[in-house]
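> Just so you know, we're using our numbering here: the sequence shown kicks off at 14 and counts up by one.
Every residue gets a Cβ at the ideal spot worked out from N, C-alpha and C, and that includes glycine.
From a predicted model like this one, the values you see are computed outputs, not experimental measurements.
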Amino acid sequence: MDSIFSDRISDAPKSFIREILKVAVNTEIISFAGGLPNRNLFPVKELQAATNKVFDLAGKDALQYSNTEGYLELRQFISNRYKEQKGFDIPVKNILITSGSQQGLDLLGKTFINEGDDVIIEEPGYLGAIQAFSIYRAKFNTVTLNEDGLDLNQLAGVLDKKEPKLIYTVPNFQNPSGISYSAENRKAIAEQLKEVRTLLVEDDPYGALRYSGEPKASFYSYIPEQTVMLGTFSKTVVPSFRIGWMVAPDSIMERLVIAKQASDLHTNYFSQRVLAQYLEDNDIDEHIENIRLLYGKQRQAMIESIKEHFPEDVHYTLPEGGMFLWVTLPKGYSTMNLFDIAIKKNVAFVPGSPFYVGKNDTNTFRLNFSCVDEGSIKTGIERLAQSMRELIS
Ligand code: PMP
C-alpha cells in the first residue's frame, strides 16, 4: 500500500539532536550536546508572582480567546525596546507575537514557499530552519558561513542564477557556529540584496547575550522593507512560554496574520499576559546581565580548556556571545566516529551533519557552553581532547 503520509512530512529531516539527547541523559555524561538555556537562571519566583497578579487583576480576561496579532502591551514593550536599544521606530502594527520564533519560520514557509522554490541558508545552518522550510519543500541553496559572515562570492553566484524567495540568516552568535557577521559583511549582503526581490530573514535569538565585542548594525537598518526580523523571549526569560515575535512590513504582515490564524488562532494568551506582567514588574536588563555573567564565564572556561588540551590542528570559533562554539577537525576525520569514542568516555556533543543539507558525516561539531558548569567544562574538554587523539592516531 502506498504511504498515507504527505510528501512534505515524508521528506522532512528528523531531529537528530533529539536522538543524541536521549543518549546523553545518563548523569555520568558531561553533555555539550544540549541547546537549552541554563535552568538555574529561570526567574521562577518572579514568574510565580506575575502569574498570581494576572489571576488577581485580570483572571477572566486572561483566560479568554484573544486576537491573532498578540497582546498589545507585550507588542508595545517589544517596540519600545527596539527604539531604546537600536533606535528603530517600529510601530506595534508591524509586530506579530508568535509561538516561539520557530513558529515565525513556519509562517514564513507557509506564506512564501511553493514546492521547489529556492531559499538561501547558511552552511552550517540552524537545523530548525532547515526542518521548517523542508516541510514546504523548499530547494536549499547553501552559502558558506566564514569567520566574518556569509561568503559574498557564493551569495552573488546564487543571486545571479536564481530568484530565491528567502535568505535565512542568524547574524549574531549563530547556531550552530557561534559566528557573528562583521559590519562590512552585513553591508555587502544588503547591497547585493537591493538588486533582487529576495526577502532577508534576520533571526536573532541570541543578540542580547553578548560577552565581548561591540554590537553590529541589524540588516533592518540597511534594507528595512526587505527584512523580516524574528525575536524570542526563550533565551532571555524562559523557553516554555513559547513566546517570540516577527517584525515585517505592512504588506507582508497582512499575509502572516492569515497564516498564523490558520495555524493556531493566536499564541497562548495567558503566557503572554504573565510575561507582560513579569516585564512590567522586573528589570529585564538586570536579569539579562546575570545570564551574560554566567554564560560569559562558562564560554571563557571552555575556550581556555580547549586552548590547553585540543590538538593543534583542530580549529574552533571564538564566539562573542550566544551559547555555542564550533569545532573543525582536520579534513577527512568523522565526528560521528568521534562521537562513538567520546560517549564511551562520558562526554557528548552534536556532530555537524544535521546542520548541513544532505551531508551524512562531516569533520565538524557543535559544543554548548550554557548548561555545563566551569568544573565540568574543564573535565569534559579534557575527555574530548583524549577522544580526538584516539581518533586521529
Ligand atoms: N532560531 C534559532 C537560531 C535558534 O537557535 C532557536 C532555538 N534553538 C530558535 C530559532 C527557536 O527558538 P524559539 O522557538 O524558542 O523562540
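Helix, strand or coil: which one does DSSP assign to A361?
Reduced to three states, the DSSP call for A361 is strand.
> Would you tell me roughly how many angstroms separate the C-alpha atoms of N159 and W339, rounded to the nearest one?
Cα to Cα, N159 sits roughly 12 Å from W339.
> Taking the C-alpha atoms as reference points, what is the distance between G141 and F337?
Cα-Cα distance, rounded: 15 Å.
> Taking the alpha-carbon positions, what's the H300 to S318 distance?
So the two alpha carbons sit approximately 28 Å from each other.
> If we ignore side chains and look at the alpha-carbon of each, how far apart do A75 and S383 end up?
Between A75 and S383, the C-alpha separation is close to 33 Å.
> What would DSSP say about S147, mapped onto helix, strand or coil?
In the structure shown, S147 sits in a helix (DSSP, three-state: H, G or I).
> In chain order, what are the residue ranges of uninterrupted alpha helix (DSSP H) at least 4 long that sit wholly in the segment 44 to 124?
List check, alpha helix (DSSP H) in window: 57 to 75 and 85 to 99.
> Check whether the segment 171 to 191 and the segment 217 to 228 are in contact - that is, three or more C-beta pairs closer than 8 Å.
Yes: the two stretches touch, three or more of their Cβ pairs being nearer than 8 Å.
> Less than 8 Å separating the Cβ of A142 from some heavy atom of the ligand PMP?
Within the cutoff, so yes.
> At the level of alpha carbons, what is the spacing between I390 and M315?
I390 and M315: Cα-Cα distance of roughly 6 Å.
> At 4 residues or longer, and completely inside the segment 271 to 347: list those alpha helix (DSSP H) runs for me, N to C.
Segments of the alpha helix (DSSP H) lying fully in the segment 271 to 347: 282 to 294 and 297 to 322.
> Take the Cβ of A289 as the centre, count every other Cβ of all protein chains shown within 10 Å, and call the residue buried at 16 or more, exposed below.
Buried is the call here.
> So what does DSSP say about R255, is it helix, strand or coil?
Three-state result, R255: coil.
> Confirm, please, whether the CB-CB distance from E333 to R223 is below 9 Å.
Yes.
> Let me know the secondary structure DSSP gives I192 once reduced to three states.
In the structure shown, I192 sits in coil (DSSP, three-state: anything other than H, G, I, E or B).
> Cα separation between V214 and R52?
Rounded to whole angstroms, V214 to R52 spans 29 Å at the Cα level.
> Alpha carbon to alpha carbon, how far is T81 from Y346?
Their Cα atoms are separated by approximately 49 Å.
> Kindly indicate which three-state DSSP category F18 falls into: helix, strand or coil?
Reduced to three states, the DSSP call for F18 is coil.
> Should E2 go down as buried or exposed, given a rule of 16 or more other Cβ atoms within 10 Å for buried?
With the chain represented from 14 up to 406, any question about residue 2 goes unanswered, as that position is not in the structure.
> Could you check which residue in E136, M349, E176 and S23 has the C-alpha nearest to that of T155?
Nearest C-alpha to T155: E136.
> Label I405 either buried or exposed according to how many other C-beta atoms from any shown protein chain fall within 10 Å of its C-beta, with 16 as the threshold for buried.
Exposed.
> What's the C-alpha gap between K174 and M266?
Approximately 29 Å between the Cα atoms of the pair.
> Please go through the same chain and pick out, in chain order, the residues whose beta-carbon is closer than 6 Å to the beta-carbon of F362, but skip the five residues on each side of it.
Hits under 6 Å: F45, A46, F378 and L380.
> State buried or exposed for K123, treating a residue as buried only when at least 16 other CB atoms are found within 10 Å of its CB.
Burial call: buried.
> Excluding the 5 residues flanking D294 on each side, which residues of the same chain have their C-beta closer than 8 Å to its C-beta?
Once the five neighbours on either side are set aside, the close Cβ partners of D294 are E59, A62, A63 and K66.
> Please work out which residues of its chain come closer than 7 Å, Cβ to Cβ, to E387, disregarding the five sequence neighbours upstream and downstream, and give them in chain order.
Excluding residues within five positions, the ones whose Cβ falls inside 7 Å are K310, Q311 and A314.
> I need the straight-line Cα distance from D15 to G48, nearest angstrom please.
When rounded, the distance between both Cα atoms is 37 Å.
> Nearest-angstrom Cα distance between E204 and P237?
Cα to Cα, the separation comes out at about 13 Å.
> Thinking C-alpha only, which one of A151, N39, I271 and E176 is nearest I22?
Nearest C-alpha to I22: A151.
> At which residues does the beta strand (DSSP E) containing E387 begin and terminate?
Taken as a continuous stretch (DSSP letters only), E387 belongs to no beta strand (DSSP E), being part of the alpha helix (DSSP H) at E387 to I405.
> With a threshold of 8 Å (Cβ to nearest heavy atom), would P184 be considered close to the ligand PMP?
No.
> Touch check for the segment 228 to 235 and the segment 92 to 103: three-plus C-beta pairs under 8 Å?
With the cut-off at 8 Å, the segment 228 to 235 and the segment 92 to 103 touch.
> Let me make sure I understand the geometry here. Which of N376, K73, Q116 and S79 has the alpha-carbon closest to that of S247?
Nearest C-alpha to S247: Q116.
> For the alpha helix (DSSP H) containing V209, list its first residue and its last residue.
Looking at the DSSP string, V209 is not in any alpha helix (DSSP H), and its letter there is neither H nor E.
> Note down the Cα distance separating T392 from I42, rounded to an integer number of angstroms.
Answer to the nearest angstrom: the Cα atoms are 11 Å apart.
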